[in-house]
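Top to bottom, those sequences are chains C and L.
Numbering-wise (the numbering used here), the first sequence opens with residue 1 and increments by one.
Numbering-wise (the numbering used here), the second sequence opens with residue 1 and increments by one.
Backbone N, C-alpha and C fix where the C-beta goes; we use that ideal spot for every residue, glycine too.
Number of protein chains: 2
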Amino acid sequence: MARPSDVHAKIDLLRAAEQAFVEHGLEKARVEDITAKAGRSKGSFYLHFQSKEDAFRQIVEGFLARLAAMVEYPVDLDADFETIITSWHEKDLELFEFFWQNRAVAQLLLHGGSSAQFRYMVDEFAERARTNCRMLVELGQARGYYRQDLDLDVTSLAIAGAYDRVVRELVAQPKKPDLSRWLETVQDLLLRGLAANPERARRRPRS
Amino acid sequence: MARPSDVHAKIDLLRAAEQAFVEHGLEKARVEDITAKAGRSKGSFYLHFQSKEDAFRQIVEGFLARLAAMVEYPVDLDADFETIITSWHEKDLELFEFFWQNRAVAQLLLHGGSSAQFRYMVDEFAERARTNCRMLVELGQARGYYRQDLDLDVTSLAIAGAYDRVVRELVAQPKKPDLSRWLETVQDLLLRGLAANPERARRRPRS
DNA sequence: AACCATATTGACCCGTCAGTCAACAATGGC
DNA sequence: GCCATTGTTGACTGACGGGTCAATATGGTT
Chain C
1 MARPSDVHAK IDLLRAAEQA FVEHGLEKAR VEDITAKAGR SKGSFYLHFQ
51 SKEDAFRQIV EGFLARLAAM VEYPVDLDAD FETIITSWHE KDLELFEFFW
101 QNRAVAQLLL HGGSSAQFRY MVDEFAERAR TNCRMLVELG QARGYYRQDL
151 DLDVTSLAIA GAYDRVVREL VAQPKKPDLS RWLETVQDLL LRGLAANPER
201 ARRRPRS
Chain L
1 MARPSDVHAK IDLLRAAEQA FVEHGLEKAR VEDITAKAGR SKGSFYLHFQ
51 SKEDAFRQIV EGFLARLAAM VEYPVDLDAD FETIITSWHE KDLELFEFFW
101 QNRAVAQLLL HGGSSAQFRY MVDEFAERAR TNCRMLVELG QARGYYRQDL
151 DLDVTSLAIA GAYDRVVREL VAQPKKPDLS RWLETVQDLL LRGLAANPER
201 ARRRPRS
């Protein structure tokens, strides 16, 4: 065993790659820019990644995997509805925090800096988020909290879209905004739109 | 004056380019694919466009110009609020029709097939649409139809996002859905969320 | 210090296209 | 039919950048 490899290399490269991809998109980002930024050689890049696309995939997959883990929290179907709503709010706040922390990659994905060959990953995630949202609405309906005349497909789309757009704006902010207030505004708007009984929809002030 | 130029050339090329860009994105679409699809030569392409990017710009600008014209219709501030809402619905329906008719280009833009250098055009449009939406909400507030406690910034974001996502889904549909019903569902959800007086928010059945 | 195994490097190779232009084709006027 | 003019073509060029690999550096081991 002679000469151990530099353990920081891959991390440095991933960081630099992320920055380059955010700045120029997958196609226009040059491997040499990435290696220069990481203070490494071009060859070093190919010790850690099969190709430029491979590095991109690793970044995206890492981000989406952590994201998916946050979104697909188990819903306790037996819980009191109010508890579900509260838990929903908490999880959303975590999600917003996560997006803020990872706003560079988030912008990359949300703005389609990825080429067509990676779009399916983002689309798939968007679809899952929307399905998740649809389930929650359906549950609310079944419990009688939400209106019975809602079209689940279009309604869940609109809700997912509202969040989507707010997150897009969030990740583009120069300073961290009041995530909790943003979230409350959105949830309040949507809850009132969903509720069967308008009075119940008014948000209780959070403790 | 000898030999008039083929008047169909540019139109053929634009159509083929649109198709190629939708299919592969700006970077990956090859000029030779475009010309082959249009049944023209590569040289012919450069008689009509400065560069590949120029062709792309012409397609996008054409689409956005027509779109902007539809969105920025004058709001009659003196009109009865109910009239404004009705007019809003009609205009949205037109907009949805437009998106459906032009779903190929719409998908191209919404999914970021455009490289970073063109994103500002889409972003600018999204921003204008959102501002427009904000103004309508503000008007509703001033008239007392909407809640006073709304955060205009976040609320307008959420509303714009809801439409945005629904349009994204619309342009991805294989068959034309019932645009009017989709629109009603969205408007209904949002109006109930916005309204100061829940009773007033219920949509009157359209004539 | 000498040696070895492995890590690292960056000059080079080579495929891919955007864009050019010299040759050719078509048209209208005479 | 012939010529002048303008339209059209597609083989070619040159730039670019992803990926390779022979040469070199490094650090541990004896």
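Under the DSSP definition of a beta bridge, C/Tyr146 partners with C/Ala195.
Scanning chain L for C-beta atoms nearer than 8 Å to the C-beta of C/Gly161 yields Gly161, Ala162, Tyr163, Asp164, Arg165, Val166 and Arg168, reported in chain order. When DSSP states are grouped into helix, strand and coil, L/Arg3 belongs to the coil group. By the 16-neighbour rule on beta-carbons within 10 angstroms, C/Gly193 is buried. C/Leu13 places its beta carbon less than 9 Å from that of C/Thr35. Closer than 8 Å at the C-beta level to chain C, one finds these residues of the region 172-186 of chain L: Arg181, Trp182, Thr185 and Val186.
Restricting attention to alpha helix (DSSP H) runs no shorter than 4 residues, the region 44-72 of chain L encloses them at 52-71, ordered along the chain. Contacts with chain L at 9 Å (Cβ-Cβ) do not include C/Val71. Secondary structure note for C/Asp151: it is in no alpha helix (DSSP H), with a DSSP letter that is neither H nor E. Contact annotation: the region 91-104 of chain L touches the region 53-70 of chain L, with at least three C-beta pairs closer than 8 Å.
For C/Arg103, the enclosing alpha helix (DSSP H) covers residues Arg103 to Leu110.
When the beta-carbon positions are compared, C/Phe56 and C/Ala16 stay at least 9 Å from each other. Judged by beta-carbon spacing, C/Arg134 lies beyond the 9 Å limit of L/Arg165, meaning their Cβ atoms are not closer than that value. Between the region 105-119 of chain L and the region 19-33 of chain L, the count of C-beta pairs closer than 8 Å reaches three or more; the two stretches touch. Contact annotation for C/Lys28 against chain L: Glu27, Ser115 and Ala116 [CB-CB distance below 8 Å, chain order]. In the DSSP assignment, C/Arg15 falls within the alpha helix (DSSP H) that extends over Ala9 to Lys28. Listed along the chain, the chain C residues whose CB falls inside 9 Å of the CB of L/Arg128 amount to none; the nearest CB is some 14 Å away. An exposed status is given to L/Leu47, since fewer than 16 other beta-carbon atoms sit within 10 Å of its beta-carbon. What C/Ala68 touches in chain L, judged by beta-carbon distance under 8 Å, is nothing: the nearest beta carbon there is about 19 Å away.
The residue among C/Asp33, C/Ser44, C/Glu32 and C/Ala65 with its C-alpha nearest the C-alpha of C/Asp6 is C/Ser44.
A distance below 9 Å separates the beta carbons of C/Ala129 and C/Ala160. In the three-state scheme derived from DSSP, where H, G and I count as helix and E and B as strand, L/Ala38 is classed as helix.
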